[in-house]
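> Protein chains in written order, with the working numbering: chain A, 431 to 788; chain B, 10 to 298.
Here it is, the structure, as structure tokens.
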């Protein structure tokens, strides 16, 4: 009873005071409760894919948003996870539950190597150079079709679970755990260091931060998360094809990340949860089937013209204000700050852009 | 085989140079990483196809109209889409990706996904050092050389070129010196897309035209630009020749080379970047102001 009351108090004081936290809670509950309420296999299928891509997008954000290493070749890690997991479970006959971790581990290694190669590169050079890595991998895969399956890829994998609902729960729970883990990492002291590296690497070094070590670490962690997503993807679709290494996937994750708002972790996840089902839903109409990607691109373009910092920062600024004194966030309806009691000024047009969180 | 390598490398290098120099120019002047650059190349090829095959205009006329139309379109896109979000680097990036996807889908929708062939603008060929070179490929080479000379003349011998170079060098100071940097950026966009469009028109009869033809040259072009040094025109030219030859050598001399040509070219780029992170002719990193 005490615990229950304690939990309710925590919930009321920490979660319900901020609309954004309430939204996140509602989203988590909805995700977990949905199959019970509405277990349509088609919806389950789309949401499973959404969850897998959400991990992928969040891992990109840790690397590109927080650390500023805008990776154009994130598909490499996804593909590394996919192919490793697929090859190991098919050729060695291991259980998918084990090979998923192997996929993440190999992706971790790839992330380390790419990070090491790119340590000296910065800005656009880094973006354009990283674009090359998945294509090199793709060329090598195509050159050895006996091993990799060439254009067709590797098919005939086992699923993690049998029913669509069980598969959905595997993906959804992995996604929640992975995304919250990434968010915790980004919100910790490490996250502040990463912000520092993005904003001014020289200053970060001058402050005694071993920037190469942090960059390598972030590359490896982001890669491992992406590889994990890739391995889930392989075992869900039961096929590991070259499409997991293509430029299109790398661009897709960039679009998700920037559309949702970089350096937030939840932004790209929200973007995937909006854009992926949207494109699938549009694709289900026969008239729209061919225009699906076109509508997708136009939507992204229009949203960016009106909210250049991405969707979630824009929404967050609408429903929350920042206390001018203690920098804590408050619901937009409050007159005084919930923590320090300072008066919250009515929003000055344009000022939010200058002082709001980055 | 050696002659094949020499000729193919030179022709591909010329096309890549047209693309890479335009991309470099846009990046140098406006700091835009224009992913849609090769999409304009694809658009020009389609436009040329439509004018030539569907309406039956002459080669020269349809080529000129195609280049002009695509250039106009690029300026329009720049004003409507890129300029409003120019302060946000990430938004510019994704806006150009979205533009490229829109063009791809529009072409897919209106022309279908199958390959379209365009009849050769010039028939016949010439024998040179024991290799027969079709006139069409010679034309690519000549046009590339002419365009590159033209760009060189424009940039280094005219007042406009001076303004473009000044803006590329230091945008703020150029602005203080009374140059209209927005207009200079727009002109740079127009020039660079015009180069890409010319490339699209001249290669259309040699390669096949399809809505996804922008992806492969995009990657190669980015590799070239990074190899030569971002924003460096000389670097782009030399990088284009290097990559053109490397690809030709891989295709002709290595088994399964057609699959590996991209990988080898990109591998070389990575190796160069490891030794010289700023590319062959790039300036060393300076702190952003």
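Where a beta carbon is used, it is the ideal one built from N, C-alpha and C, also for glycine.
Being a predicted model, the structure only gives us computed values, none of them experimental.
Note down the Cα distance separating residue 449 of chain A from residue 749 of chain A, rounded to an integer number of angstroms.
The alpha-carbon atoms of residue 449 of chain A and residue 749 of chain A are separated by roughly 7 Å.
> Pick out whichever of B:286, B:283, B:13 has its Cα sitting closest to the Cα of residue 142 of chain B.
Comparing Cα positions, the closest option is B:13.
> Is the beta carbon of residue 471 of chain A closer than 9 Å to that of residue 580 of chain A?
Their beta carbons are not under 9 Å apart, which means residue 580 of chain A does not touch residue 471 of chain A by this criterion.
> With distances taken between CB atoms, is the gap from residue 516 of chain A to residue 678 of chain A smaller than 9 Å?
Not in contact: residue 516 of chain A and residue 678 of chain A (Cβ atoms no closer than 9 Å).
> Please say whether residue 483 of chain A and residue 684 of chain A have beta carbons closer to each other than 9 Å?
The answer is no: Cβ separation not under 9 Å.
> Taking the Cβ atom as the reference point for each residue, do residue 253 of chain B and residue 24 of chain B lie within a distance shorter than 9 Å?
Yes, the pair counts as a contact, with Cβ atoms nearer than the cut-off.
> Is it right to say residue 523 of chain A is buried, meaning 16 or more other beta carbons lie within 10 angstroms of its own, or is it exposed?
Looking at its Cβ environment, which holds fewer than 16 other Cβ atoms inside 10 Å, residue 523 of chain A is exposed.
> Kindly list, in the order they appear in chain B, the residues whose Cβ is closer than 7 Å to that of residue 738 of chain A.
By Cβ distance, chain B contributes 94, 97, 100.
> I want to verify the contact list: residues of chain E whose CB lies under 8 Å from the CB of residue 673 of chain A, in sequence order.
Judged by its chain identifiers, the structure shown contains no chain E, and its protein chains are A and B.
> Check the Cβ-Cβ distances between residue 450 of chain A and every residue of chain B, and say whether any is below 9 Å.
It does not; no Cβ of chain B falls within 9 Å.
> I'd like to know whether the C-beta of residue 628 of chain A is nearer than 9 Å to at least one C-beta of chain B.
Cβ-Cβ to chain B under 9 Å: no for residue 628 of chain A.
> Would you mind telling me which residues of chain A sit closer than 8 Å to residue 283 of chain B, beta carbon to beta carbon, in chain order?
547, 550, listed in chain order.
> Residues of chain B with a CB under 7 Å from the CB of residue 569 of chain A: which are they?
Within chain B, the residues near residue 569 of chain A are 268, 269, 271, 272.
> So which of B:207, B:75, B:271 has the shortest CA-CA distance to residue 154 of chain B?
Comparing Cα positions, the closest option is B:207.
> Using a Cβ cut-off of 8 Å, which residues of the segment 220 to 240 of chain B contact any Cβ in chain A, in chain order?
For the segment 220 to 240 of chain B, which is checked against every Cβ of chain A, the residues closer than 8 Å are 224, 227, 228, 231, 232, 234, 235, 239.
> Taking only beta-carbon positions, decide if residue 584 of chain A is within less than 9 Å of chain B.
Cβ-Cβ to chain B under 9 Å: no for residue 584 of chain A.
> Grouping DSSP H, G and I as helix and E and B as strand, with all else coil, what is residue 214 of chain B?
Looking at residue 214 of chain B - three-state DSSP - the assignment turns out to be coil, as it is neither helix nor strand.
> Please check the pair residue 97 of chain B and residue 738 of chain A, which I expect to be a contact at CB under 8 Å, by giving their CB distance rounded to whole angstroms.
Contact flag correct, Cβ pair sits at about 4 Å.
> What does the Cβ neighbour count give for residue 637 of chain A, buried or exposed, with the cut at 16 atoms within 10 Å?
It is exposed - the Cβ of residue 637 of chain A has fewer than 16 other Cβ atoms within 10 Å.
> Between residue 287 of chain B and chain A, is the shortest Cβ-Cβ distance under 9 Å, so that the two count as touching?
Yes - at least one Cβ of chain A is within 9 Å of the one on residue 287 of chain B.
> Flag residue 555 of chain A as yes if its beta-carbon sits less than 9 Å from any beta-carbon of chain B, otherwise no.
So, interface residue.
> What do you reckon, are the CB atoms on residue 107 of chain B and residue 620 of chain A nearer than 9 Å?
No; because the gap between Cβ atoms is not below 9 Å, this pair is not in contact.
> Alpha helix (DSSP H) containing residue 621 of chain A: first to last residue?
It spans 619 to 629 - the alpha helix (DSSP H) in which residue 621 of chain A sits, taken as one unbroken run.
> If the cut-off is 9 Å on Cβ atoms, which residues from the segment 533 to 544 of chain A count as contacting chain B, listed in chain order?
Residues: none.
> Quick check on residue 593 of chain A: buried or exposed, where buried means 16 or more other Cβ atoms within 10 Å of its Cβ?
Residue 593 of chain A is exposed by the Cβ-count criterion.
> My guess is that residue 265 of chain B and residue 573 of chain A are in contact by the Cβ rule of under 8 Å, so how many angstroms apart are they, rounded?
Sure, about 5 Å apart at Cβ, within 8 Å.
> Within 10 angstroms of its Cβ, does residue 431 of chain A collect 16 or more other Cβ (buried), or is it exposed?
When all chains shown are included, residue 431 of chain A counts as exposed.
> Would you mind working out which of A:507, A:629, A:668 sits nearest residue 588 of chain A, comparing C-alpha positions?
It is A:668 whose Cα lies nearest to the Cα of residue 588 of chain A.
> Is the distance from the Cβ of residue 622 of chain A to the Cβ of residue 645 of chain A below 9 Å?
No, they are not a contact pair.
> According to DSSP, is residue 127 of chain B part of a helix, a strand, or is it coil?
Here residue 127 of chain B sits in coil by DSSP.
> Taking its Cβ as the centre, do 16 or more other Cβ atoms sit within 10 Å of residue 284 of chain B, making it buried, or is it exposed?
So residue 284 of chain B ends up on the exposed side.
> Please report the distance separating the alpha-carbon of residue 478 of chain A from that of residue 11 of chain B.
For residue 478 of chain A and residue 11 of chain B, the distance between alpha carbons rounds to 53 Å.
> Identify the continuous alpha helix (DSSP H) that holds residue 145 of chain B and give its terminal residues.
Looking at the DSSP string, the run of the alpha helix (DSSP H) that includes residue 145 of chain B is 144 to 166.
> Whole angstroms is fine: what's the gap from residue 649 of chain A's alpha carbon to residue 535 of chain A's?
Spanning the two alpha carbons is a distance of roughly 13 Å.
> Out of B:38, B:91, B:129, state which residue places its alpha-carbon closest to the alpha-carbon of residue 173 of chain B.
Cα-wise, what sits closest to residue 173 of chain B is B:38.
> What does residue 721 of chain A touch in chain B if you count any residue whose Cβ is under 9 Å from its own?
Here the neighbours are 114, 118.
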